[in-house]
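Chains as they are written, first to last, in the working numbering: chain A, 7 to 125; chain B, 3 to 351. In what follows, a structure is listed as structure tokens, so that the remarks can point back to it.
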Amino acid sequence: MPSRAPGTGIGKPSVTVSLPSLLEPVTGGVRELTVRGGSLREVFDDLVEREPRLKPHLFNEAGDFRRHVLCFHNGRNTRWVGRPAAGGTDEGEGHRRDGWETPVAEGDTVLFMQAVSGG
Amino acid sequence: MSVRLLVGTAKGGFWVTSRDRREWEVDGPFFKGWKVTAGLQLEGGGFVVAVASDVYGPAIFLSPDGEEWEQVADGPAYPDGDERRLRQIWTLRENRGTVYAGVQDAGVFTSGDGGRSWRPVPGLNEHETRGGWTPGAGGLCCHAFLFDHADPNRMWCGISAVGVFRTDDGGATWMPKNRGVYWAHEDEEFKEIGHCVHGLAQDPGDPGRIYRQDHSGMYRSRDGGELWEKNENGLATAFGFPIVLDRASRYLFAAPLEADQYRLPVGGALRVVRSTDGGDSWHSASEGLPAEHAYGGVLRGAMAVDDLQPGGVYIGTTSGTLHASADLGGSWTSLPVILPRILHVSAWV
Numbered sequence: 007m008p009s010r011a012p013g014t015g016i017g018k019p020s021v022t023v024s025l026p027s028l029l030e031p032v033t034g035g036v037r038e039l040t041v042r043g044g045s046l047r048e049v050f051d052d053l054v055e056r057e058p059r060l061k062p063h064l065f066n067e068a069g070d071f072r073r074h075v076l077c078f079h080n081g082r083n084t085r086w087v088g089r090p091a092a093g094g095t096d097e098g099e100g101h102r103r104d105g106w107e108t109p110v111a112e113g114d115t116v117l118f119m120q121a122v123s124g125g
Numbered sequence: 003m004s005v006r007l008l009v010g011t012a013k014g015g016f017w018v019t020s021r022d023r024r025e026w027e028v029d030g031p032f033f034k035g036w037k038v039t040a041g042l043q044l045e046g047g048g049f050v051v052a053v054a055s056d057v058y059g060p061a062i063f064l065s066p067d068g069e070e071w072e073q074v075a076d077g078p079a080y081p082d083g084d085e086r087r088l089r090q091i092w093t094l095r096e097n098r099g100t101v102y103a104g105v106q107d108a109g110v111f112t113s114g115d116g117g118r119s120w121r122p123v124p125g126l127n128e129h130e131t132r133g134g135w136t137p138g139a140g141g142l143c144c145h146a147f148l149f150d151h152a153d154p155n156r157m158w159c160g161i162s163a164v165g166v167f168r169t170d171d172g173g174a175t176w177m178p179k180n181r182g183v184y185w186a187h188e189d190e191e192f193k194e195i196g197h198c199v200h201g202l203a204q205d206p207g208d209p210g211r212i213y214r215q216d217h218s219g220m221y222r223s224r225d226g227g228e229l230w231e232k233n234e235n236g237l238a239t240a241f242g243f244p245i246v247l248d249r250a251s252r253y254l255f256a257a258p259l260e261a262d263q264y265r266l267p268v269g270g271a272l273r274v275v276r277s278t279d280g281g282d283s284w285h286s287a288s289e290g291l292p293a294e295h296a297y298g299g300v301l302r303g304a305m306a307v308d309d310l311q312p313g314g315v316y317i318g319t320t321s322g323t324l325h326a327s328a329d330l331g332g333s334w335t336s337l338p339v340i341l342p343r344i345l346h347v348s349a350w351v
């Protein structure tokens, strides 16, 4: 789960994070935030530092994304970044942090969505 | 006197209000798309509401007026790295200035500041029998609290499918109190758990007199849960989920279902049963409720009383219909709404 000392994102690349509409009550209606970080992990750290109420909705107690939370970095599912599908838990969550050390650049986008499965 | 219902559904919350309990106004949904699973009007004013999402998990919101809501940042939570998950908040209650949350995965959290910050109750959450706790069909959830108004150190909680626990020392230690209740499943090691309590109600004049709608039937205890005895006289089926008590009349209300693999109103007739003699006998109190082709049940949190005189009784169904009685179940009116699956009903005056 993201955690780090406050202010460590200063001077790091600026990234736009977009949130799904269902999370509007959590953020007071904000759907788009600008955060800073040198990697996806630092982006997530800065995001939950700025909006701590988002943390339990995006990440579970084990520190992984919630099961049906999808995250796209510049349009690519972060699930497939780095070393995919290794060491998953019985809920299929354990592998999802493998790509979190991926570097990010100024102007990158991070989009959160909920998985659409079933009907 | 006006009545305000909080109706929590699988897709949002609704306010249902009336000045005379005849004409009703519906406002909502708020928290659109979220399950609204529990609600509380604080004694000092303001509201606490629990929501949950299958994707984004649970949260607690506060509001001074029921219109503007703010999520609390320090809500109930299991420690980072814990194998337990906070999946849903099933009940919110207030007693002597402390707010209690019963949650799934089963546990109790308390707040001393009106719901802004929450702390676990280790005596229950880390109970020595925890390894034998097994979820019911609705999940492993703490869904009911009772308080002894004469003894601030005594309270009860109900956990499915574990049983009733009581503390006599302000929550430091908890004892299973299920003697006389049939097992839902027998734990090999912990013989005092494995009981699937569905709902609890309490006599306001005698806190030790407790009524229990259990998976295995209807029970009553006269001694604070030390011993439970079946009290099913007059019940065609003793399976169901909610049980509530009107404080002024001490009438009890329940909503029986065909047990237990069906969980449907018997014969397609939505029914409420009432006991006017402290559980000695039960009688149908269903005049005006849909009597045929009605297959929506009433979940454990979806029945409420308003404590006016005569008492109002309210039920919401899994089919999204909402029904009100202004005369202690003597007659019922079906409100002209079809809401999402109703999970929770609270009534406040």
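Ideal Cβ positions, reconstructed from N, Cα and C, are used throughout, including at glycine.
* To do: Taking only the alpha-carbon atoms, compute the straight-line gap between A:VAL23 and A:THR33 and give it to the nearest angstrom.
  => Along the first sequence, one-based indexing puts residue 23 of chain A at 17. Along the first sequence, one-based indexing puts residue 33 of chain A at 27. The straight-line gap from Cα to Cα measures roughly 13 Å.
* Asked: With a Cβ-Cβ cutoff of 8 Å, do B:LEU88 and B:VAL74 count as a contact?
  -> As a first step, residue 88 of chain B is located in the second sequence; it is residue number 86 there, counting from the start. As a first step, residue 74 of chain B is located in the second sequence; it is residue number 72 there, counting from the start. No, the pair does not count as a contact, with Cβ atoms beyond the cut-off.
* Out of curiosity, what's the CA-to-CA distance linking B:PRO154 and B:GLY172? -> Numbered from 1 along the second sequence, position 152 holds the residue referred to as residue 154 of chain B. Numbered from 1 along the second sequence, position 170 holds the residue referred to as residue 172 of chain B. When rounded, the distance between both Cα atoms is 7 Å.
* Contacting residues, own chain, Cβ-Cβ under 7 Å from B:GLY270 (five flanking each side not counted) -> Position 268 of the second sequence, counting from 1, holds the residue named residue 270 of chain B. GLU294, HIS295, ALA296, TYR297.
* **Extent of the continuous beta strand (DSSP E) to which B:GLY99 belongs** => Taking the second sequence and counting its residues from 1, the one referred to as residue 99 of chain B is at position 97. B:GLY99 -> no beta strand (DSSP E), and no H or E assigned at all.
* Asked: Is there a Cβ from chain B that is less than 8 Å from the Cβ of A:ARG85?
  -> Counted from its first residue, the first sequence places residue 85 of chain A at position 79. False, the Cβ-Cβ gap to chain B never drops below 8 Å.
* Asked: What residues are listed by DSSP as bridge partners for B:VAL17?
  -> By one-based count along the second sequence, residue 17 of chain B stands at place 15. For clarity, residue 17 of chain B is Trp in the given sequence; the question names Val instead. In the DSSP output, where bridge partners are listed per residue, B:TRP17 has B:LEU8, B:ASP29.
* Compute the beta-carbon to beta-carbon distance between A:ARG72 and B:GLY141, rounded to the nearest angstrom, for a pair I have assumed lies under 8 Å. => Here residue 72 of chain A refers to the residue found at position 66 when the first sequence is read from its first residue. Here residue 141 of chain B refers to the residue found at position 139 when the second sequence is read from its first residue. Not a contact, Cβ separation roughly 17 Å.
* Closest Cβ-Cβ distance between A:ARG37 and chain B: below 8 Å? -> Residue 37 of chain A sits at position 31 when you count from the first residue of the first sequence. For A:ARG37, the answer is no, since every Cβ of chain B falls outside 8 Å of its Cβ.
* **Chain-ordered chain B contacts of A:ASN66 [CB-CB under 7 Å]** => Sequence index remark: in the first sequence, residue 66 of chain A carries index 60 (1-based). The answer, in chain order, is ARG87.
* Report buried or exposed for B:GLY263, applying the criterion of at least 16 other Cβ atoms within 10 angstroms of its Cβ. => Counting from 1 along the second sequence, the entry for residue 263 of chain B is found at position 261. One detail in the question is off: residue 263 of chain B reads as Gln in this sequence, not Gly. By the neighbour-count rule (16 or more Cβ atoms within 10 Å), B:GLN263 is not buried but exposed.
* Quick one: what does DSSP say B:LYS37 is sitting in, helix, strand or coil? -> Counted from its first residue, the second sequence places residue 37 of chain B at position 35. Residue state, collapsed to three classes: strand.
* Asked: Since A:LEU29 meets chain B, which of its residues come closer than 7 Å, beta carbon to beta carbon?
  -> Here residue 29 of chain A refers to the residue found at position 23 of the first sequence. Under the 7 Å cutoff, chain B gives TYR58.
* Use the C-beta contact count for B:GLN106: other C-beta atoms within 10 angstroms, 16 or more gives buried, fewer gives exposed. => For this step, residue 106 of chain B is matched to residue 104 along the second sequence. With 16 or more other Cβ atoms within 10 Å, it is buried.
* To do: Specify the secondary structure class of B:TRP350 as computed by DSSP and reduced to three states.
  => What you label residue 350 of chain B is simply residue 348 of the second sequence in a count that begins at 1. Correct three-state label for B:TRP350: strand.
* What residues match up with B:PRO122 in a beta bridge as DSSP calls it? -> If you number the second sequence from 1, residue 122 of chain B lands on position 120. BP columns for B:PRO122 point to B:PHE111.
* Interface positions of the region 41–68 of chain A facing chain D (Cβ-Cβ less than 7 Å), listed along the chain -> Checking the listed chains, one finds no chain D in this structure; the protein chains it contains are A and B.
* Asked: How about B:THR39 and B:VAL53: are their beta carbons less than 8 Å apart?
  -> If you number the second sequence from 1, residue 39 of chain B lands on position 37. If you number the second sequence from 1, residue 53 of chain B lands on position 51. Result yes, Cβ atoms of B:THR39 and B:VAL53 sit closer than 8 Å.
* Between the region 243–252 of chain B and the region 298–310 of chain B, do at least 3 Cβ pairs fall closer than 8 Å? -> yes
* **Whole-number beta carbon distance between B:ALA146 and B:VAL199, since they are thought to touch under 8 Å** => Along the second sequence, read from residue 1 onward, the residue named residue 199 of chain B stands at position 197. Along the second sequence, read from residue 1 onward, the residue named residue 146 of chain B stands at position 144. The Cβ separation is near 7 Å, so the contact holds.
* Whole-angstrom C-beta distance between B:CYS143 and B:GLN90, which should lie under 8 Å -> Locating residue 90 of chain B in the second sequence gives position 88, counting from the first residue. Locating residue 143 of chain B in the second sequence gives position 141, counting from the first residue. With a Cβ gap of about 7 Å, B:GLN90 and B:CYS143 count as contacting.
* To do: Below 8 Å on the Cβ atoms is my guess for B:LEU254 versus B:ARG276; work out the distance and round it to an integer in Å.
  => The residue you call residue 254 of chain B lines up with position 252 of the second sequence. The residue you call residue 276 of chain B lines up with position 274 of the second sequence. Indeed they touch by this definition, with Cβ atoms about 7 Å apart.
* Is DSSP giving B:PHE147 helix, strand or coil here? -> Reading the second sequence from its first residue, position 145 is the one you call residue 147 of chain B. Of the three classes helix, strand and coil, the one that applies to B:PHE147 here is strand, per DSSP.
* At a CB-CB cut-off below 9 Å, which residues of chain A make contact with B:ASP84? -> Here the question's residue 84 of chain B lines up with position 82 in the second sequence. Within 9 Å Cβ-Cβ: GLU67, ALA68.
* **Pick from B:LEU337, B:HIS325, B:VAL351, B:THR319 that is closest to B:PRO345, judged by C-alpha positions** => Looking up residue 345 of chain B in the second sequence gives position 343. The sequence shown places Leu at residue 345 of chain B, not Pro. For the residues B:LEU337, B:HIS325, B:VAL351, B:THR319, the minimum Cα distance to B:LEU345 belongs to B:THR319.
* **B:LYS352 burial status per 10 Å Cβ neighbour count (16 or more: buried)** => Within the shown structure, residues of chain B are numbered from 3 to 351, placing residue 352 of chain B beyond reach of any answer.
* chain B beta carbons: is any one of them nearer than 8 Å to that of A:VAL116? -> As a first step, residue 116 of chain A is located in the first sequence; it is residue number 110 there, counting from the start. By this cut-off, A:VAL116 is not an interface position.
* Asked: In three-state DSSP terms, what is B:SER333?
  -> Reading the second sequence from its first residue, position 331 is the one you call residue 333 of chain B. Note: B:SER333 maps to coil in three-state DSSP.
* Span separating the alpha-carbon of A:ASP70 from that of B:CYS159 -> Walking along the first sequence from the start, residue 70 of chain A turns up at place 64. Walking along the second sequence from the start, residue 159 of chain B turns up at place 157. Computed Cα separation, rounded: 31 Å.
* Using the Cα positions of B:THR131 and B:ILE195, report the straight-line distance between them to the nearest angstrom. => The residue labelled residue 131 of chain B in the question sits at position 129 within the second sequence. The residue labelled residue 195 of chain B in the question sits at position 193 within the second sequence. Approximately 8 Å, taken between the alpha carbons.
* Nearest-angstrom beta carbon gap, A:GLU112 and A:SER45 [assumed within contact, 8 Å] -> Position 39 of the first sequence holds residue 45 of chain A. Position 106 of the first sequence holds residue 112 of chain A. Rounded to the nearest angstrom, the Cβ distance from A:SER45 to A:GLU112 is 13 Å, too far for a contact under 8 Å.
* **Beta-carbon neighbours of B:TRP71, restricted to chain A and to distances below 9 Å** => By 1-based counting over the second sequence, the position of residue 71 of chain B is 69. In chain order: PRO31.
* C-beta contact flag for B:LEU148 and B:LEU202 at 8 Å -> As a first step, residue 148 of chain B must be located in the second sequence, where it is residue number 146. As a first step, residue 202 of chain B must be located in the second sequence, where it is residue number 200. Contact flag set, yes.
* Asked: Relative to the alpha-carbon of B:TRP71, which residue among B:GLY117, B:VAL268, B:PRO78, B:VAL5 has its alpha-carbon at the smallest distance?
  -> The residue you call residue 71 of chain B lines up with position 69 of the second sequence. It is B:GLY117.
* To do: Check the C-beta distance from B:GLY41 over to B:PHE49 and give it rounded, since I have them as a contact under 8 Å.
  => Mapped onto the second sequence, residue 41 of chain B falls at position 39. Mapped onto the second sequence, residue 49 of chain B falls at position 47. Going by Cβ atoms, the distance from B:GLY41 to B:PHE49 rounds to 7 Å, so yes, they are a contact pair.
* Asked: If we count the other Cβ atoms within 10 Å of its Cβ and call it buried at 16 or more, is A:TRP86 buried or exposed?
  -> In the first sequence, the residue the question calls residue 86 of chain A occupies position 80. So A:TRP86 counts as exposed.
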